[in-house]
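Trainee: Residue numbers (this note's numbering): 5 to 173.
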């Protein structure tokens with residue numbers, strides 16, 4: 005079993021992140037979204053773009069948290085998450101996601117939203133966003149739009165999610 009090192013993305017990682025995204029998805033759309041998010045100072049938050057790397061430092065996994073809003077109040081969107089095909093089902097993706105969530109918690113963030121596989125994201129504490137009164141701005145199965153409050157003692161906003169322009173929604 006591989007032990008993954010998770011760390012924030014650096015400027016030297018940009019091409020490796022692009023390679024991971026291009027290998028993980030059928031089109032270059034996600035790579036383009038990440039490029040657009042990096043260029044958007046209203047969305048990009050330094051320290052919330054995480055790499056999972058092999059013991060020798062080679063990036064194999066990626067998770068990104070960017071600023072979104074729920075009825076005008078700040079939240080984070082978890083997207084995209086990706087792993088090189090050769091490293092899938094090894095914990096690399098989980099390592100990157102956990103590191104991103106830990107960094108967000110340390111920065112004082114509270115609400116993270118993800119549109120994803122209902123069988124995968126609950127392991128990190130995500131549950132249907134509808135339980136918190138949060139909805140996507142488009143039609144999506146209830147179980148696929150998930151939310152995670154990083155601090156249960158703090159209130160979370162309710163309403164409709166507003167994604168950064170890079171997401172195109």
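Yeah, the Cβ is synthetic: ideal placement off N, Cα and C, and Gly gets one too.
1) I want to know whether the region 124 to 133 touches the region 145 to 152 - three or more CB-CB distances under 8 angstroms.
2) Should residue 109 go down as buried or exposed, given a rule of 16 or more other Cβ atoms within 10 Å for buried?
3) Kindly indicate the opening and closing residues of the alpha helix (DSSP H) around residue 25.
4) Look at residue 104 and residue 69 and say whether their C-beta atoms are less than 7 angstroms apart.
5) Does DSSP put residue 69 in a helix, a strand or coil?
6) Classify residue 42 as helix, strand or coil using the three-state DSSP reduction.
7) Verify whether the separation of the beta carbon atoms of residue 97 and residue 85 is less than 7 angstroms.
8) What is the DSSP secondary structure of residue 110, counted as helix, strand or coil?
9) Please state whether DSSP places residue 102 in a helix, a strand or coil.
10) Can you tell me whether residue 46 is buried or exposed, with buried defined as 16 or more other CB within 10 angstroms of its CB?
11) For the beta strand (DSSP E) that contains residue 93, what are its first and last residues?
12) Pop quiz: residue 71 and residue 168 are said to be a contact at Cβ under 8 angstroms. What is the actual Cβ separation, rounded to whole angstroms?
Mentor: The relevant details are as follows:
1) Taking a contact to require three or more Cβ pairs closer than 8 angstroms, the region 124 to 133 and the region 145 to 152 qualify as touching.
2) That one is exposed.
3) For residue 25, the enclosing alpha helix (DSSP H) begins and ends at 18 to 28.
4) Cβ atoms of residue 104 and residue 69: closer than 7 angstroms.
5) Secondary structure of residue 69 (DSSP, three-state): strand.
6) Residue state, collapsed to three classes: helix.
7) For residue 97 and residue 85, yes; Cβs fall inside 7 angstroms.
8) In this structure, residue 110 counts as helix in the three-state DSSP scheme.
9) Helix.
10) Label assigned to residue 46: exposed.
11) Note, residue 93: premise wrong, no beta strand (DSSP E); not H, not E.
12) Distance from residue 71 to residue 168 at the Cβ level is roughly 7 angstroms; contact confirmed, criterion being Cβ atoms closer than 8 angstroms.
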